[in-house]
Each structure stands twice: as C-alpha cells, then as structure tokens.
Amino acid sequence: MKRLFQTTVFLLAGTLITPDANTCTNFLVTRGASVNGATMITYAADAHVLYGELYFRKAQDHPEGSMFKIYEWDTGKYLGKIKQVPHTNSVVGLMNEYQLVIGETTYGGRPELVDTTGIIDYGSLMFLALERAKTAREAILVMSDLVNEYGYYSSGESFSIADKNEVWIMDLIGKGPGNKGAVWVARRIPDGYVSAHANQARIQTFPLDDPENCLYADDVISFAKEKGYYNGKDKDFSFSDTYAPVDFGGARFCEARVWSFFSKITDGMDEYLDYAQGHNLENRMPLWVKPGRKLAASDLMEYMRDHYEGTPLDMTEDIGAGPHRLPYRWRSLTWEVDGVTYCNERAIATQQTGYSFVSESRNWLPDPVGGIFWFGVDDAATSVYNPMYCGIQRVPEQFEVGNGDMITYSETSAFWAFNFVSNFCYLRYDLMTPDVKKVQAELETKYIRNTEAVDKAATELHKKDPDLALEYLTDYSVSVGNNTFNRWKELGYYLMVKYMDGNIKKEENGEFIYNEHGGNIIPEPHHPGYPDWWYEKIVEKDGDKLKVIGPAH
Numbered sequence: 029m030k031r032l033f034q035t036t037v038f039l040l041a042g043t044l045i046t047p048d049a050n051t052c053t054n055f056l057v058t059r060g061a062s063v064n065g066a067t068m069i070t071y072a073a074d075a076h077v078l079y080g081e082l083y084f085r086k087a088q089d090h091p092e093g094s095m096f097k098i099y100e101w102d103t104g105k106y107l108g109k110i111k112q113v114p115h116t117n118s119v120v121g122l123m124n125e126y127q128l129v130i131g132e133t134t135y136g137g138r139p140e141l142v143d144t145t146g147i148i149d150y151g152s153l154m155f156l157a158l159e160r161a162k163t164a165r166e167a168i169l170v171m172s173d174l175v176n177e178y179g180y181y182s183s184g185e186s187f188s189i190a191d192k193n194e195v196w197i198m199d200l201i202g203k204g205p206g207n208k209g210a211v212w213v214a215r216r217i218p219d220g221y222v223s224a225h226a227n228q229a230r231i232q233t234f235p236l237d238d239p240e241n242c243l244y245a246d247d248v249i250s251f252a253k254e255k256g257y258y259n260g261k262d263k264d265f266s267f268s269d270t271y272a273p274v275d276f277g278g279a280r281f282c283e284a285r286v287w288s289f290f291s292k293i294t295d296g297m298d299e300y301l302d303y304a305q306g307h308n309l310e311n312r313m314p315l316w317v318k319p320g321r322k323l324a325a326s327d328l329m330e331y332m333r334d335h336y337e338g339t340p341l342d343m344t345e346d347i348g349a350g351p352h353r354l355p356y357r358w359r360s361l362t363w364e365v366d367g368v369t370y371c372n373e374r375a376i377a378t379q380q381t382g383y384s385f386v387s388e389s390r391n392w393l394p395d396p397v398g399g400i401f402w403f404g405v406d407d408a409a410t411s412v413y414n415p416m417y418c419g420i421q422r423v424p425e426q427f428e429v430g431n432g433d434m435i436t437y438s439e440t441s442a443f444w445a446f447n448f449v450s451n452f453c454y455l456r457y458d459l460m461t462p463d464v465k466k467v468q469a470e471l472e473t474k475y476i477r478n479t480e481a482v483d484k485a486a487t488e489l490h491k492k493d494p495d496l497a498l499e500y501l502t503d504y505s506v507s508v509g510n511n512t513f514n515r516w517k518e519l520g521y522y523l524m525v526k527y528m529d530g531n532i533k534k535e536e537n538g539e540f541i542y543n544e545h546g547g548n549i550i551p552e553p554h555h556p557g558y559p560d561w562w563y564e565k566i567v568e569k570d571g572d573k574l575k576v577i578g579p580a581h
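Basically the numbering used here = 1-based index in the sequence shown + 28.
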C-alpha cells in the first residue's frame, strides 16, 4: 500500500496557508456568565517556532517627536517607524495596568487583501492598543486608527478584547497592497453569554445601527462591493462569508475547537457536529451561547486542556493515539494514502503551544489588584497557570524574555522545564500524565485559594500606599513563578526515575523503595506492557511472523 506523508496546503478560510499554521484558540466570557462577576478571556499562542515567555513593558513617558520601531511579531522583521504617544501603559503579557486584555487567532482570509506595504502587523497592533488604551472600546478605535494611518501588514485576524466591564470580538482584514486601513467588525458579547474563536472569522451579519453593541469600519460593506465580493443588501452582509468563507479546513481544524468548548457548557451543540466535522458548511454555529452554569477561571483552564475527550472526535480513542492513548498527532495535519487525503484532528490543547493564558478583569477591585493574568508555558494540558497580577513591576526570572530560546536551552527557563516533562509524557501518556495532573492540581488549587487573601492584603495596602501594593503583588507573583518552576523541575526528576526504561518503579507512601536486603538494590519494577487491544492489532498485522512455536523462555 503506497503511503505518502505530505505538507498539504489547504484553502483555509479563503487563503492559502498550511493547516499547521496560525493555530490559536480564544474563549470569551462576560461578567454575567462568570462565577465571580469577572470578565475573562483565554488565549493559546500555538506555533512550532514560538518560545514561551512573559512579555513585560513598563509604563513610560516619551519626549515629543519620539518614534517607535515596529518589528513583525511572528518573524522579527523590521517593518518601519510610527509616532510614539506621550505616555504608554504598563503591560504584562497581553494585559495592561487597567485590566484591558487582548487575544487573537489568525484566520487568513482573502490573500489579495494582505498589504505588504503596511507597517502594523497583528502582534504589534495588540501591544500598541494595550499601551495606549484603557477600555475595550478605546482599544478597538486605537487599532482602527493605527492601521488607517500606517497600513495593516498581516492577513485576516480575530481579536478578543476585554476590559473589566465589557467583552468584544473583532474580525479584521486588510485592503490590499498600498491601500492603507482595514475593514473590520467588532461586536460586544451580550452579558451572560460566552463566545469563542479559533482561526476562522466568526462574525456574519451584524446590526448596522447599534453603536452600543456593534462597531465597524465605515467601508466594510462598500469595499466588498467595490471589489466584487458582495452585491446584496447591506442588512444581509456577512463579514465572514465575504472576507473569509469557511471551507473544510476552517470547520474541521478551527471551528471544531469552538464547537468542543460550546458543547461542554451548553446543550444542543450536537446539532452542529456535522459542521464541526466539515461535512455541512451551511450549518454554522451561533457567535455566542448562554452557558448552562456560570464559569470560573478554573473551568476555563480545564477547557483549554481539551482534546475532544468524550466526543466523536476524541483523540485518545482512535488508532492514531497508539497503545498509550496519546491525544496528539505529529504534523502535518493531513496525509495521503493511495491518492486519498486524510486528516488528523486539531484540538484546543496541542503540543506546539508557546504559552497560554486565562485572564480575569474584576471591576470591584483597584486596577493593579483586579487584573490577574493566569499564565502558563508549553502544552496547556501539562502546564500550570500562574497568577501574574496586572500591576506587577517585574516578572519571574523563569518567564523573562531572553531566558533561553527555541534553540538555546536554559536551566532557569520555565519553558524548557515544562517541555522536559511534557515531551517525556508523550512517550507513555496514559501512564505518566496522572502524576503530572496531580502536581498541576496541587499548584493551581493552592494559587486559586490564595487569591482572596492576596486580593484583600493588596487592596488594603493600595488604600494606604499604592506603591507598596504594587511591590507586594510583584513579590507574590514572582514567588509563584519560583515555586512553580522548582516544583516542576522536581516533577521532571521524579518522572525520569519512576518510568526509566519502560518500567515503573515501586513506591510506598509516595517514596521509592529498596528491597528488604539492603545494598541500595530495588525490588523488581512493574512491567506494564501494552493494552490487550494493541496486542490484537499487532497480531492482525504481524501475527504469523511473531507467533511462538514451542517453549518460550
């Protein structure tokens, strides 16, 4: 049987990109849909070339006439200079000191609309908005003004934008080479509802006369008509269907992640399974849903670890998972056998995550206390979310920019410590991840329980001396990073000792043991072997060759 593994290129969301590229996931939760009244968003920054680190920019004043250099976030390519503003906000990760937070997913869209002469790429656009805005609405307008003045360099992008009161989803795409600006639509998620996006533009029709809940570029419809993309009535105009029509890849590799999240929080999502599988592209999901219960940050952390478990797309159940039920498939996403193309699933949790976060913006607390940027590096399924308060003045050394990179191993880098554990687990996932999940829960439970006391202490300090409150929050967040890093290094050593050479060493009361005779010799370890169904598969393929004839010793 001829087998050809290939890097297939799909027409994904209207533009030619590999199905492995630009794969991120965002959840959006409004105040009325959260347990504590916070707004929350999540973001997984997934790229095989992305090093997980915690960005930090201090608040600064800038002299009149200052210029700011723009480098493309994905490649480091220099794009040009823009005018600096007199003052920029402090930013931790992708959350600023006013609890404004932004996430993104790339959908591509029509390739001819990429402006190769533009200066502002999507990553710079997010950071500039965070440095210059205090609210979600203000951020949307800052982003629009920037691309209008300097041009938008990237392909189509969806943004999650949340402040301490509102949550917005924004779809944006450029207008082609030499044509500054972008066409875009931003919709406020109704209170009590949640939304999500994952590399497919999701805004379809939208209200044209409701500025409280919907903002859009003046020419978002007229530009489409000028280009010949649309010739219907304005009220029937769909942004997604016009600028980024969904195809098989957009549904199966992207929208399926939204479907999986929605299916865990509300009823009725079985109706859209055929769409998520890419079989019925007309059966599109709603932009937002009302959850059956209110959600906590801890819930979002778990949903970010999803591999479609318990659904028809469950990645632990098919033969590709191997004998140890690994919920990952090494790239490429598509492959060919005898001229027929097949695909692997692309879940929310994935091996190539650089970092991910869950944000909380809480309007009843002072801004430096109210914003928590729960930050983790590497694969979310085997990572830990660490509370980084938005008012901190420095970040833990283990997460600092420049502490190692993708080809420079650092003994003090959290990214490398977490990759050591996750990549070891990929060898025997079903056996090893329970040990990882135990420590993961130990740490996150502790940090979540600490939040109330830390909030209270920091709020009291803020009343007396705001600078002392910032120092306290900084010391706490840095201590969390140190604790997580040290505990994860210990976990890595433990896993190496316990699972060395395919065996499992024996323990008593959580400690490895020697045999009863002394001499530092261990008892015979467990030899777990493989599950029966895997042996049966081996027999189907190579039973005659492997059959034992006569005595076996």
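Ideal Cβ placement from N, Cα and C applies to all residues, glycine included.
All of these numbers come straight from a predicted model, not from anything done at the bench.
Member of the options whose CA lies at the smallest distance from the CA of residue i
{"i": "His76", "options": "Lys208, Thr339, Tyr383 and Gln88", "result": "Tyr383"}
{"i": "Ala73", "options": "Thr479, Asp570, Asp406 and Ser450", "result": "Asp406"}
{"i": "Val142", "options": "Tyr126, Gly206, Glu194 and Asn124", "result": "Gly206"}
{"i": "Gly137", "options": "Val274, Asn372 and Asp302", "result": "Val274"}
{"i": "Leu455", "options": "Gly530, Tyr244 and Met332", "result": "Gly530"}
{"i": "Asp191", "options": "Ala210, Thr145, Tyr180 and Gly131", "result": "Gly131"}
{"i": "Lys261", "options": "Cys282, Ala284, Pro239 and Pro235", "result": "Pro235"}
{"i": "Tyr413", "options": "Asn431, Val429 and Phe446", "result": "Phe446"}
{"i": "Gly65", "options": "Tyr106, Val195 and Asn511", "result": "Val195"}
{"i": "Leu56", "options": "Arg216, Thr233 and Phe281", "result": "Arg216"}
{"i": "Ser507", "options": "Met123, Phe84 and Glu425", "result": "Glu425"}
{"i": "Gly184", "options": "Gln112, Ala164, Arg165 and Asp149", "result": "Asp149"}
{"i": "Asp238", "options": "Gly256, Lys263 and Met416", "result": "Lys263"}
{"i": "Asn514", "options": "Thr339, Met68, Lys526 and Thr440", "result": "Thr440"}
For residue i, the three-state DSSP class (helix, strand or coil)
{"i": "Pro10", "result": "Residue 10 lies beyond the residue range present for the chain, which begins at 29 and ends at 581; the question has no answer from this structure."}
{"i": "Met332", "result": "coil"}
{"i": "Met416", "result": "strand"}
{"i": "Met434", "result": "coil"}
{"i": "Gly121", "result": "coil"}
{"i": "Cys52", "result": "coil"}
{"i": "Ile566", "result": "helix"}
{"i": "Val423", "result": "coil"}
{"i": "Tyr370", "result": "strand"}
{"i": "Met171", "result": "helix"}
{"i": "Leu39", "result": "Residue confidence for Leu39 is low, a pLDDT of 37 falling below 50, so the modelled location carries little weight; the figure read from the coordinates is stated next. If DSSP states are grouped into helix, strand and coil, Leu39 belongs with the strands."}
{"i": "Phe513", "result": "helix"}
{"i": "Ala73", "result": "strand"}
Spatial neighbours of residue i in its chain, beta-carbon cut-off 6 Å, leaving aside the 5 residues before and after
{"i": "Pro319", "result": "Ala61, Val222, Ile293 and Thr294"}
{"i": "His115", "result": "Asp89"}
{"i": "Asn193", "result": "Asn391"}
{"i": "Phe155", "result": "none"}
{"i": "Ala596", "result": "Coverage of the chain is limited to positions 29 through 581, which leaves residue 596 absent and any answer about it impossible."}
{"i": "Phe267", "result": "Asp199, Val213 and Ile231"}
{"i": "Lys573", "result": "none"}
Chain-order list of residues whose beta-carbon lies under 8 Å from that of residue i (same chain, five-residue window excluded)
{"i": "Phe448", "result": "Gly520"}
{"i": "Pro559", "result": "Pro351"}
{"i": "Pro314", "result": "none"}
{"i": "Glu472", "result": "Ser326, Met329, Val412 and Tyr413"}
{"i": "Glu299", "result": "Asn311"}
Those residues which DSSP pairs with residue i across a bridge
{"i": "Phe289", "result": "For Phe289, which the question treats as bridged, DSSP gives no partner whatsoever."}
{"i": "Gln88", "result": "Thr116"}
{"i": "His225", "result": "Asn54"}
{"i": "Met343", "result": "The partner list for Met343 (beta bridge, DSSP) is empty, contrary to what the question assumes."}
{"i": "Arg353", "result": "In DSSP, Arg353 forms no bridge with anything."}
{"i": "Thr410", "result": "For Thr410, which the question treats as bridged, DSSP gives no partner whatsoever."}
{"i": "Cys242", "result": "Arg215"}
{"i": "Ala469", "result": "According to DSSP, which records beta bridges pairwise, Ala469 is partnered with nothing at all."}
{"i": "Ile189", "result": "Ile130 and Trp196"}
{"i": "Ala210", "result": "Gly202"}
{"i": "Glu499", "result": "Answer by DSSP bridge pairing: none, since Glu499 is not bridged."}
{"i": "Asn383", "result": "A small correction: the amino acid at residue 383 is Tyr; Asn does not occupy that position in the sequence shown. Note: Tyr383 sits in a beta bridge opposite Ala73 and Val405."}
Same chain, Cβ closer than 7 Å to residue i, five either side skipped, listed in chain order
{"i": "Leu523", "result": "Val449, Phe452, Met460 and Asp463"}
{"i": "Gln127", "result": "Asp191, Lys192, Ser389, Asp395, Gly398, Gly399 and Cys418"}
{"i": "Glu535", "result": "Ile541"}
{"i": "Lys30", "result": "For Lys30, the predicted model reports a pLDDT of 30, less than 50, meaning its position is unreliable and no value from the coordinates is stated."}
{"i": "Lys86", "result": "Ser118"}
{"i": "Trp444", "result": "Gly432, Tyr437 and Ser438"}
Residue-chain proximity (residue i, chain D), Cβ-Cβ < 8 Å
{"i": "Ile98", "result": "Judged by its chain identifiers, the structure shown contains no chain D, having just a single protein chain."}
**Request:** Would you check if there are 3 or more beta carbon pairs closer than 8 Å linking the region 393-410 to the region 493-503?
**Result:** The region 393-410 vs the region 493-503: in contact.
**Message:** Using a Cβ distance threshold of 8 Å, determine whether the region 330-346 contacts the region 236-245, with at least three qualifying pairs required.
**Reply:** No, the region 330-346 does not touch the region 236-245.
**Request:** Mind the definition here: the region 358-371 touches the region 85-104 only if three or more C-beta pairs lie below 8 Å; say whether that holds.
**Result:** Output reads no: the region 85-104 does not touch the region 358-371.
**Message:** Taking contact to mean 3 or more Cβ pairs, one atom from each stretch, closer than 8 Å, check whether the region 275-289 and the region 304-318 are in contact.
**Reply:** Counting Cβ pairs under 8 Å, three or more are found: they touch.
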